[in-house]
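Colleague:
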Amino acid sequence: GLTPDVVTYSAAVSACEKGRRWELTRVLMKRAKGAGLSLDVVFYSALMSACEKGQESERALALLEELQRERLEPDVFAFNAAISACEKRRQPEKAWALLREMQHREIDPNVMSFNAVISACANVGQWQPALLLLSELEVKLLAPSVITYNALLSACDKGRNWRWAIELYEQMGKMRLETDSTTHNAVLGACEKGRCWAQVLELLRGMHGADITAYELAVRACEVGLQRQHLPELLSVGPQQVGLTA
């Protein structure tokens with residue numbers, strides 16, 4: 007029969023990633039190396055992506071180092087997988103360093119590159135660097151996506167910056183980006199943490215498809231703000247499962 011080459015192995019790794027059979031990628035790498043094949047950047051990028059999605063973030067980062075030891079030039083896909091691995095490991099500084107390394111190597115980051123670094127910042131509530139990345143993304147004439155804004159809102163929520171959360175939410179409206187429950191709950195969460203019950207209610211009234219978490223945040227904001235007169239309205243229009251904490 008035909009002997010599999012590096013292209014075959016790369017396709018097999020990608021198939022494992024799509025089929026969520028990440029454990030098989032180790033077998034494929036061992037076989038490819040055992041066959042004496044010269045592994046290329048496409049193979050490594052596919053392998054790193056599979057590792058990152060399979061919660062093997064440490065292995066993804068180790069593969070980036072191995073790739074470079076083999077004198078291969080990492081591409082945007084390899085860097086994106088490594089940056090996403092840093093996001094999962096809650097290492098925003100490392101994610102930033104990889105983004106800068108891309109630029110130093112004259113590899114153009116794409117929206118996914120920026121989204122991954124912003125998400126890494128969001129995980130630890132670093133809203134200031136996340137906002138700097140939004141500016142940088144726009145300077146490069148890349149269009150921020152719903153994922154970009156949701157990560158930024160998450161950074162503001164965890165970083166307790168309700169003013170910027172509202173600003174970003176309004177920007178999404180101007181850009182006609184479709185918001186979702188992640189968007190709603192992040193902006194409401196930031197306002198609830200800031201004890202801004204009036205803003206929570208105003209935002210909630212303008213939202214379409216707000217879920218139970220959104221109404222629970224609004225109830226909590228009103229309770230903390232001693233505005234219990236608004237609770238009947240929330241409990242009547244919100245999902246039936248919303249309950250009072252006291």
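Residue 22 in our numbering sits at position 16 of the sequence shown, and the numbers go up by one each step. Backbone N, C-alpha and C fix where the C-beta goes; we use that ideal spot for every residue, glycine too. Quick caveat: nothing in here was measured; it's all calculated off a predicted structure.
(1) If the criterion is Cβ atoms closer than 8 Å, does the pair S44 and I89 meet it?
(2) Let me know the secondary structure DSSP gives W28 once reduced to three states.
(3) Using a threshold of 8 Å, state whether the C-beta atoms of C127 and W168 are closer than that.
(4) Where Y155 and G40 are concerned, what is the direct C-alpha to C-alpha distance, given to the nearest angstrom?
(5) Can you tell me whether DSSP reads G40 as helix, strand or coil?
(6) Thinking C-beta only, is P98 closer than 8 Å to Q61?
(7) Pick out whichever of L53, R65, D11 and D46 has its Cα sitting closest to the Cα of L78.
(8) Going by the CB atoms, is the gap between T31 and C22 shorter than 8 Å?
(9) Taking the alpha-carbon of L223 as reference, which of H214, G200, Q205 and G195 has the nearest alpha-carbon?
(10) Which ranges would you report for the alpha helix (DSSP H) in the stretch 165–191 if only whole runs of at least 4 residues count?
(11) In the DSSP assignment, find the alpha helix (DSSP H) that holds E142 and state where it starts and stops.
(12) Exposed or buried, what is V145 when buried is set at 16 or more other beta-carbons lying within 10 Å of its beta-carbon?
(13) Inspect the beta-carbon positions of L53 and L69 and report whether they are closer than 8 Å.
(14) Where A258 and L138 are concerned, what is the direct C-alpha to C-alpha distance, given to the nearest angstrom?
(15) Buried or exposed for L209, going by 16 or more other Cβ atoms inside 10 Å?
(16) Got a sec: is the Cβ-Cβ distance from E176 to anything in chain C below 8 Å?
(17) P150 lies in the alpha helix (DSSP H); which residues open and close that run?
(18) Check whether the Cβ atoms of A38 and E58 sit closer than 8 Å, and answer yes or no.
(19) Secondary structure at N258, three-state DSSP: helix, strand or coil?
(20) Could you tell me the boundaries of the alpha helix (DSSP H) in which Q109 lies?
(21) Using DSSP with H/G/I as helix, E/B as strand and the rest coil, what is M35?
(22) By Cβ distance below 6 Å, which residues in the same chain neighbour I192 in space, the five residues on each side in sequence not counted?
(23) Looking at the structure shown, is G195 part of a helix, part of a strand, or coil, going by DSSP?
(24) Starting from Q61, follow the alpha helix (DSSP H) in both directions and report where the run begins and ends.
Modeller: For this structure:
(1) Indexing the sequence shown from 1 puts residue 44 at position 38. Indexing the sequence shown from 1 puts residue 89 at position 83. Going by C-beta atoms, S44 is not nearer than 8 Å to I89.
(2) Reading the sequence shown from its first residue, position 22 is the one you call residue 28. Looking at W28 - three-state DSSP - the assignment turns out to be coil, as it is neither helix nor strand.
(3) The residue given as residue 127 occupies position 121 in the sequence shown. The residue given as residue 168 occupies position 162 in the sequence shown. Contact flag unset, no.
(4) Numbered from 1 along the sequence shown, position 149 holds the residue referred to as residue 155. Numbered from 1 along the sequence shown, position 34 holds the residue referred to as residue 40. Rounded to whole angstroms, Y155 to G40 spans 45 Å at the Cα level.
(5) Translated into positions along the sequence shown, residue 40 becomes position 34. Looking at G40 - three-state DSSP - the assignment turns out to be helix.
(6) In the sequence shown, counting from the first residue as 1, residue 61 sits at position 55. In the sequence shown, counting from the first residue as 1, residue 98 sits at position 92. Cβ distance not < 8 Å, so Q61 and P98 don't count as in contact.
(7) Position 72 of the sequence shown holds residue 78. Checked all of L53, R65, D11 and D46; the closest Cα to L78 is D46.
(8) Taking the first residue of the sequence shown as position 1, residue 22 is located at position 16. Taking the first residue of the sequence shown as position 1, residue 31 is located at position 25. Yes, the Cβ-Cβ distance between C22 and T31 is below 8 Å.
(9) Residue numbering aside, residue 223 sits at position 217 when the sequence shown is read from its first letter. Checking every option, the nearest Cα to that of L223 belongs to G195.
(10) 168–180
(11) As a first step, residue 142 is located in the sequence shown; it is residue number 136 there, counting from the start. Where E142 is concerned, the enclosing alpha helix (DSSP H) stretches over W133 to V145.
(12) Along the sequence shown, one-based indexing puts residue 145 at 139. Its Cβ having fewer than 16 others within 10 Å, V145 is exposed.
(13) Indexing the sequence shown from 1 puts residue 53 at position 47. Indexing the sequence shown from 1 puts residue 69 at position 63. The answer is yes: Cβ separation under 8 Å.
(14) The structure shown does not extend to residue 258, since the chain is modelled only from 7 through 252, so no value can be given for it.
(15) The count along the sequence shown starts at 1 and reaches residue 209 at position 203. Buried, by the Cβ-count rule.
(16) Looking for chain C here will not work: only one protein chain is present.
(17) Residue 150 sits at position 144 when you count from the first residue of the sequence shown. Counting along the chain, P150 falls outside any alpha helix (DSSP H), and DSSP gives it neither H nor E.
(18) Position 32 of the sequence shown, counting from 1, holds the residue named residue 38. Position 52 of the sequence shown, counting from 1, holds the residue named residue 58. No, the Cβ-Cβ distance between A38 and E58 is not below 8 Å.
(19) Any question about residue 258 goes unanswered here, given that the chain covers just 7 to 252.
(20) The count along the sequence shown starts at 1 and reaches residue 109 at position 103. That run of the alpha helix (DSSP H) goes P98 to H110.
(21) Here residue 35 corresponds to residue number 29 of the sequence shown, with the count starting at 1. Note: M35 maps to helix in three-state DSSP.
(22) If you number the sequence shown from 1, residue 192 lands on position 186. The amino acid occupying residue 192 in the given sequence is Ala; Ile does not appear at that position. These residues qualify, in order along the chain: L159, S160 and D163.
(23) Taking the first residue of the sequence shown as position 1, residue 195 is located at position 189. G195 falls in the helix class under three-state DSSP.
(24) Position 55 of the sequence shown, counting from 1, holds the residue named residue 61. Unbroken run through Q61: none, as it is neither H nor E.
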